[in-house]
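Chains as they are written, first to last, in my numbering: chain U, 1 to 178; chain V, 179 to 558. Glycine included, C-beta positions come from ideal geometry on N, C-alpha and C. Let me begin by presenting the structure, written as C-alpha cells, before commenting on it.
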Amino acid sequence: MLESLKGMMLTLASTVTGLRRPVTQQYPTQATPVKPRFMGFPALTWDGGVSEPYCTGCMVCIRNCPTQCMSASMMDNPKHADGDSSRRKIVDYFEINLNRCILCGICVEYCNFDAIVMSHEHEMSTYARNGDRVNLPALLDIGKKYQVKTDWVPPTVLAKQKADAAKAAADDTADASE
Amino acid sequence: MAEPAVPTAIPERADSQPVEMLLNMGPQHPSTHGVFRMVLWVDGEKIVDVEPHIGYLHRGSEKLCEGEQYHQIVTLFDRMDYIGNFNNELAYCMAVEKLMGLQVPERAEYIRVILCELNRIASHLLYVGTMGLDAGAMTPVMFSFRGRERVQALFEAVSGARLMHNYFRIGGLKEDVPDNFRQLVDELMPLLKEDVEQSDRILTFNEIFLSRLKDVSPITADEAIGLGLTGPMLRACGYEYDVRRAQPYSVYDRFDFEIPVGLDGDCWDRHWVRVQEMYQSLRIVEQAMEQLPEGPVASSLGRRLVRPPEGESYVRAENPRGEIGVYVVSDGTDRPYRLKVRPPSFCNLSALRRLLEDTWLADSVVVLGSLDIVLGEVDR
Ligand code: SF4
Ligand code: SF4
C-alpha cells in the first residue's frame, strides 16, 4: 500500500510541475528543432562560385548505396571547355528514390567532391505513388536550402582549414620552445 | 475426405468436464511487442501448451548480408535489434575487426562503450514502460519515455539519427563526436539518473505490480542454462554471467561495475535485474567519460574497401537482451560468404513453452513481457 501511495505522490508531483512547465511539443504546429548533424534526405549541393552543381556524376555514391536507390549519368562540362570551371565532367541526370533511401549517410561519406549532403528535410510525404522520386533540380533546391540554413562549407575545405590551424598552432609552440 | 484440422463446432461437454480450448493470441496484439503469434491451448484459465509462431517480420537479413559490402552491412544490423542499435553495430564491427586483425583507436572504443551503455539504458527504459503497460499500469511509460527521449536526443546530436544510427565503422567510428559532447553528456546524466530512479520508484515495489509478477513462471539457473537463456533472463535466476565480465570485449575490463543477479528467476526478478542494470550502466558511462582519451577515432583503414582475408570469426557481446553472437565467414572478397547471428531474443523466446507451463492465461502477457523480445531480431 505504501509503495503504491509513493508512486501516486510521484505522479502528483510531476503533474504539478507539468502544469507549470509543459514539456509536450504540439507537433505539427510546433516542431522540435533538429540537431546540426541530423540526417534527413540526401540532397545535392550547389557551387555558387561557378553556378553549377558540385556533383560530377561519378557514381561512387551509387555503387556504395546499400539500397541502390539512386541513379545518375555524367556529361562533358561545357563550362570547362570555356575555361570557367575546373570540373571536366558534370552531372547530367540524377534521381533518388526517397522511398527506398534508408537515410544511412553512406553516400555522403563516400562522395569525393563534397557534392551530396544529408539535408535537414524530412517531412516530404506525397500523395502520388512515385512522388518521392526526386530529380536533379529538386535535389539541388533542397541542397541550396540546406546550404543557406547551415552556412555550409565544403567538408574538404573545412578539413583543410582545420589542418592549417593545427599546423599553425604546432608552429607557434615550436617557436615558443625555441 | 480428410477431417478438417480445425474443429468447426464447439466441442461437446461430456459430464460438464472442462474442455481444452485453442486460443489464438496475436499477431496483432498490443502486448506481443510487435508481430508475434501464440497459439495457446488452455484448460479453463490454465495454460496447457503454447505454440509460438514467428516470422511475420522476416526480412532475410542474414541472406541480405551476403549481397552487401562489409561497410553496408552495418545498416542491416541497425535494423535487427532496433531497440539496441549501437550494441548490434558493435558486435558486427568487432567480428569483422577480429577477422582482419584491426586495432581500434582507444578513443573510438570509449565512445563506443559510452553509446552502447546509454543504448542499454534506453532499451531497458522502454522495457520498464512496456512491462508496466503489460501489467496494467499506464503511468510508468510516461516516465520512462521521458528518459528515453533524452538519450535519443543525444544520439541524434552524435550520429544524426535517433534510431538507425549507422555510426560505428569497421575499425572505428564514422566521425568524431561533436565538440560539445562532454557538455551534452554532463547535462544528460543527472536528468537521466532522475528518470531511471523515478521509473524505478513508481513501478518496481508497487504492491499490485509485485503481486502480478512475483512467483510467476520461476525457473532455476540449471534449467535456464539448459534452455540457452542469456542476459537478464539468466541473471535473474541468480547465475552471475555477463559477457562484459566473463569475456571482456572492447574496454569493458577497465570499468568498475556490478552484475545484478536475482534470486528466484521469476518475472519480478527479471524486472529488478534490468532496473539495477540501468544504474550500473550509468556508472559505466560516468567512468568512461572520465577516462575518455583524445586521439583519432578511425583506424588506418579509412574509407578503403573492406576486404578481410579468407577465414571466419565469431564474437559475442552483451546486448540489452542477452548475448549476441556474430559469425562471419569471408572468402576474401568484399562481401561476406556467410553471416550468422545468434540473436539473444530469439534464443530467449525459445524457452517460452517451458516458461508458460502451468501459468494462468492472464499471466502469459506478463511472461512474454518479461522476456523483452524484439521481433526484428527474432525474425531477422
Ligand atoms: S554525389 Fe558525389 S559520389 Fe555521387 S555522383 Fe555526384 S560527385 Fe559522384
Ligand atoms: S542515404 Fe544511404 S540509402 Fe540514402 S541515398 Fe545515401 S547511401 Fe543510399
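- The count of Cβ pairs closer than 8 Å, one atom from the stretch 393-400 of chain V and one from the stretch 530-539 of chain V, reaches three, so the stretches are in contact.
- When 7 Å is used as the limit between beta carbons, V:Ala300 is near no residue of chain U, the shortest such separation being about 16 Å.
- V:Met467 is positioned such that its CB atom lies closer than 7 Å to that of V:Val363.
- Interface criterion not met: the Cβ of U:Arg100 is under 7 Å from no Cβ in chain V.
- DSSP places V:Trp538 in the strand class (E or B) of the three-state scheme.
- Taking 7 Å as the cut-off, the Cβ atoms of V:Pro318 and V:Gly409 do not count as close.
- In this chain, the alpha helix (DSSP H) harbouring V:Pro410 covers 410-413.
- Within a 10 Å sphere around the beta-carbon of U:Pro28 sit fewer than 16 other beta-carbons, which makes this residue exposed.
- In this structure, the straight-line span from the alpha carbon of V:Leu304 to that of V:His449 is close to 12 Å.
- At a cut-off of 7 Å between beta-carbon atoms, V:Ala269 makes no contact with chain U.
- Under the 7 Å criterion on CB atoms, U:Gly7 is classed as interfacial with respect to chain V.
- In this structure, DSSP gives V:Asn263 a helical state, which the three-state scheme calls helix.
- Contact annotation for U:Gly105 against chain V: Gly338, Asn344 [CB-CB distance below 7 Å, chain order].
- Chain U places a beta carbon closer than 7 Å to that of V:Asn384, counting this residue as a contact.
- At a cut-off of 7 Å, the C-beta of U:Arg21 has no neighbouring C-beta in chain V.
- V:Gln469 and U:Thr24 have their C-alpha atoms roughly 36 Å apart.
- In this structure, DSSP gives U:Asp132 a state outside helix and strand, which the three-state scheme calls coil.
- Within chain U, no C-beta atom comes nearer than 8 Å to that of V:Glu490; the closest sits roughly 23 Å away.
- From the beta-carbon of V:Lys352, the residues of chain U found nearer than 8 Å are Gly105, Glu109.
- CA-CA distance, V:Pro474 to U:Ala159, rounds to 14 Å.
- Pairing V:Asp509 with V:Leu479, the inter-Cα distance amounts to about 19 Å.
- The three-state secondary structure of V:Glu353, taken from DSSP, is coil.
- DSSP, reduced to helix, strand and coil, places U:Ser73 within a strand of the structure shown.
- Three or more Cβ pairs closer than 8 Å define a contact, and the stretch 442-461 of chain V falls short of that threshold against the stretch 482-495 of chain V.
- In this structure, U:Gly18 has its CB at a distance of at least 6 Å from all heavy atoms of ligand 1.
- A straight line joining the alpha-carbon of U:Arg133 with that of V:Ser528 spans about 42 Å.
- Between V:Val552 and V:Ile232, the C-beta gap is not smaller than 7 Å, which leaves the two residues out of contact.
- Taking CB atoms only, V:Ala335 has a neighbour in chain U less than 7 Å away.
- By the beta-carbon neighbour count (other beta carbons within 10 angstroms, threshold 16), V:Lys352 is buried.
- Among the CB atoms of chain V, none fall inside 7 Å of the CB of U:Phe113.
- Annotation: V:Lys241 is outside any beta strand (DSSP E); the continuous alpha helix (DSSP H) that includes it extends over 239-245.
- At a cut-off of 7 Å between beta carbons, V:Gln361 makes no contact with chain U.
- Secondary-structure assignment with DSSP links V:Val493 through a beta bridge to V:Val504.
- Contact between U:Cys61 and U:Met75 does not hold, since the beta-carbon distance rounds to 17 Å and is not under 8 Å.
- Under DSSP, V:Pro514 takes part in a beta bridge, and its partners are V:Ser508.
- Residue pairing by DSSP places V:Arg485 opposite no residue, since no beta bridge is assigned to it.
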